[in-house]
Amino acid sequence: MNAVLFTLTAAAYLIAAGSFFVYLFRGDATSRLPTAVLLFGFVLHTSALTSRFFQQGFAAVAVMGEALLFHSWLMVGIYLLMQLKYRLTVLGGIISPLAFLMTLAAFAVGSGSGEIPPGFSTFWLPLHVTLAFLGNAVFALAFAVSLIYLLQERRLKHKRMTALMKRFPSLESLDRLNYTLLVWGFPLMTLGILTGSLWAGIHWGHYWSWDPRQISSGIAWLLYGALLHGRITAGLRGKKAALLTMFGFCVVLGYFLWGETIFPSRHGGRFE
Amino acid sequence: MQNEIVIVGLNHRSAPIEVRESVAFENSYVRAALGRLHDYPSIHEGVILSTCNRVEVVAAASDTHSAFNDITEFLAEQRAHRNSLPLDDHVYTYRGAEAVRHLFRVAASLDSMVVGEPQILGQLKEYYDTAQQAGTVGTILHRLFHRSFSVAKRVRTETGIGSGAVSVSSVAVDLAKRIFDRFDDKTVMLIGAGKIGDLMARHLLSQGVRSLMVTNRTFERAVLLAERIQGSPIRFDDFPRYLKMADLVIGCTGAAEVLVEAATVEKVLRERKQKAMFFIDIGDRRNFDPKINDLDNVYLYNIDDLKGVADDNLQERANEAEKAEEIVRNEVESFVRWMGSLEQVPTIMALRQRFEEIRRKEIDKSLGGSLKDLSELQRAALEDMTAAMINKLLHTPISQLKRNSQDDDDEDSALYVAALKRLFDLEGK
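Here the protein sequences come in this chain order: C and Z. Just so you know, we're using this note's numbering here: the first sequence kicks off at 1 and counts up by one. Just so you know, we're using this note's numbering here: the second sequence kicks off at 1001 and counts up by one.
Have a look at this one:
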């Protein structure tokens, strides 16, 4: 039942990605079909996560596969919320394939049991996980917005207009949105790190243990912090801001995807 | 007899402007002209279309040959009092499916001078409304025009034919919209009081820019222009100081000298906290340092760049036009099919009537002769039997005919209708 729901979710995301691409390159500019397909995928995704929650009795995010499923769910959810206000259908062209790849990757790595040993699951853990994941999801969107900014900027600089470009929002609004996402993402990430280290302080005995995951989030946090500071005080914006946003997300994502195997961390289901 | 659609007209390709003008209908005169057109016995329905690029008469007529002659005469009369350049060489005529295709292409702006320009559809609607008010529109033209409006809409939404600016100043505005989200908090600086810069500034003002600064070497000219377009004049020596307030800078002094260096812009950007700037070098000679485009958050387009973008867009419109032609092709087919089905119903009725007449005649003959001794009951049975026979005989051909018109084969359908008419001599009825 559960596997079926997740498979359907992945399929819906794939179809959504396809329809977003059709939207990008041709088709009706006012079409809401791609967003509707994505919303349908999101509903499937939600019911899959809910049904698993009731099956297992806890929200499983400790293992890589589960984390991916949770993360992509948040990302799509936030995008759909944003779509209500900003009408950034173009963004869906990046979010949908990303969501599809993440659900696919979740199948590939498998979900394992991921049960958290009793005693570790105190109040701080779900809070830490939720905040950290929310922050990551917001930065995933900021990454997509930055990517579109860079594409648009490049075309304007090179004086090549293409049909694709007509669907893109203006540089000004992309840059503003990027800033808004940073303003939301940074506090979430900060709180995520703080609650995490509080939990670590309680269960591991020390707040900071130079765990690779801690280090990578620390680097990303410094990067985003510097970006926010630069934006507010020194007029850091446009292309440089977009590049920094993307780099910051790559640091987070890079460790999330590959770092684990090279530098085992106490994240990822190892609680001892 | 069956109505057919005919079009007689001339456009920007078939006739020079003087000829077009001589035939053009004044707005106030169109209604009266429609009445005159309708008076020709060959014309059952009619719409007149008259814009700067075309004059066309669209009509429904049973006898297309005399309709062509009548409309040509009508157009010639219309211009009789103006001049007498020969008209015949410039007039084109279409009938049937070709006429439908032509009108659909006109509505979809495929026949326009600038392919994809949006005005033609509105004009078409206006002239159609006038004709409707004048009472010269019937079932056929009603359907034809409404179909053409929806074809135009389909083409506009399903192809990119109307997208992409094709004039220099609209390209510039289009680009500005890709850089800036809104204009009501933007300031424009216009350097030089040349005509094209003036035009460009007006274009931007119509987009709702907040304020406009005008500078020129001769201050008086700056003041004059500023007054005309509601800007504020600035002395030429002062303009670099104001540069940091400008989001869009238009240069068109006509002089071949670099007025704004990249280094200056770099400094200005720091003062503006890197807020984006758009430089438009719209004169024939360069006023802005080309290196400006290498700076982050600044975009520089000169006149050739703008023309290049306009050309790209024109090319793209041409590509999109091919898709549009395909849509038109399909729509013409389905319209012709509808016309065919119009013809079918009367044919079927005429066929039934003809059979009924024969039956009646033969029964009357028999009942008056050899069968005159039949009882009331037997007579009724005879009536029923013959009526059932005719129904059974006609059932298969009629249902075949109907089925045929529902399939794609409108040609077959038309062929069957024509064959039936000939075989049973239905034409005269």
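Glycine included, each C-beta is placed from N, C-alpha and C at the ideal position. Everything numeric in this text was worked out from a predicted model, so none of it was measured.
Short CB-CB distance (under 8 Å) between Q1274(Z) and chain C: yes
- Query: If you measure beta-carbon to beta-carbon, which residues of the segment 224-250 of chain C are closer than 8 Å to chain Z?
  - Reply: A234, G235, L236, R237, G238, K239, K240
Notebook entry, point to check: Thinking C-beta only, is A1193(Z) closer than 8 Å to V1482(Z)?
Noted result: No information on residue 1482(Z) is available, as it lies outside the stretch 1001 to 1429 that chain Z covers here.
| By the criterion of Cβ-Cβ separation under 8 Å, what are the contact partners of L156(C) in chain Z? | L1175, R1178, I1179, Y1299
Bridge-paired residues (DSSP) for M1389(Z)
Note: M1389(Z) sits in no beta bridge, so no partner.
| said: Does V1417(Z) come out as helix, strand or coil in the three-state DSSP assignment? | reply: helix
(message) Output needed for A12(C): all residues of its chain with C-beta closer than 6 Å, excluding positions within five of it in sequence on either side, in chain order.
(response) F40, G41, L44
Where are the alpha helix (DSSP H) runs, 4 residues long or more, that stay fully inside the segment 213-261 of chain C, in chain order?
238-254
> What separation, rounded to the nearest whole angstrom, lies between the Cα atoms of I1071(Z) and V1008(Z)?
Replying inline: 7 Å
If you draw a straight line from the alpha carbon of I1292(Z) to that of L68(C), how long is it in whole angstroms?
44 Å
Could you check which residue in A1387(Z), K1421(Z), V1260(Z) has the C-alpha nearest to that of L1401(Z)? K1421(Z)
At a CB-CB cut-off below 8 Å, which residues of chain C make contact with D1305(Z)?
K159
| request: Mind checking which residues open and close the beta strand (DSSP E) that includes M161(C)? | output: Careful: M161(C) lies outside any beta strand (DSSP E) and carries neither H nor E.
Next on the checklist: Give me the chain C residues within the contact set of G1308(Z), using Cβ-Cβ distance strictly less than 8 Å, ordered along the chain.
Outcome noted: K159
Got a sec: is the Cβ-Cβ distance from S19(C) to anything in chain Z below 8 Å? no
Exercise for review: Out of L1269(Z), E1257(Z), C1252(Z), state which residue places its alpha-carbon closest to the alpha-carbon of I1280(Z).
Suggested key: C1252(Z)
Counting along the chain, where does the beta strand (DSSP E) carrying G1251(Z) start and finish?
-> 1248-1251
>> Let me check you understand the geometry: is the CB of G1283(Z) closer than 7 Å to at least one non-hydrogen atom of the ligand MG?
In response: What this structure holds is no ligand at all, so the ligand MG is not there to describe.
Give every residue of the same chain whose Cβ lies closer than 7 Å to the Cβ of G1160(Z), excluding the five residues on either side of it in the sequence, and list them in chain order. E1316, E1320
In the DSSP assignment, what are the bridge partners of L1300(Z)?
F1279(Z)
Note to self: Looking at the strands, I want to know which residues DSSP matches up with L1190(Z).
What the structure shows: V1214(Z), I1250(Z)
Q.
Is Q282(C) close to chain Z? Criterion is C-beta to C-beta, closer than 8 Å.
A. What the structure shows of chain C is the stretch from 1 to 272, and residue 282(C) is not part of that stretch, so it cannot be assessed.
- Query: Taking 8 Å as the CB-CB limit, is D1238(Z) close to chain C?
  - Reply: no
For S1050(Z), name the three-state secondary structure that DSSP assigns. strand
### Query
If you check the beta carbons only, do V129(C) and L91(C) fall under 8 Å apart?
no
Sort out for me which residues DSSP pairs E1004(Z) with in a bridge.
A1061(Z)
Task: Contact set for S47(C): own chain, Cβ-Cβ below 8 Å, skip 5 residues either direction - done: L5
Near R52(C), what residues of its chain come up, given a Cβ to Cβ distance below 6 Å and the 5 sequence neighbours on each side ignored? N2
Task: Contacting positions in the segment 1312-1333 of chain Z - beta carbon closer than 8 Å to chain C - done: D1312, N1313, E1316
- Query: Considering only residues of the same chain and omitting the five flanking positions on each side of L1141(Z), which have a CB-CB separation below 7 Å?
  - Reply: E1045, V1047, V1058, A1060
| said: Cutting at 8 Å between CB atoms, please list the residues of its own chain near L1374(Z), excluding the five before and the five after it. | reply: L1367, L1382
What are the partner residues of S1450(Z), as DSSP defines its beta bridges?
Not covered by the structure: residue 1450(Z). The range shown for chain Z is 1001 to 1429.
Practice task
Measuring alpha carbon to alpha carbon, tell me which of P126(C), A220(C), K240(C) ends up nearest A200(C).
Solution key: P126(C)
Counting along the chain, where does the alpha helix (DSSP H) carrying R1241(Z) start and finish? 1239-1242
Note to self: Taking only three categories from DSSP, how would you classify R1317(Z)?
What the structure shows: helix
Residue-level contact to chain Z via CB, L171(C), 8 Å cutoff: yes
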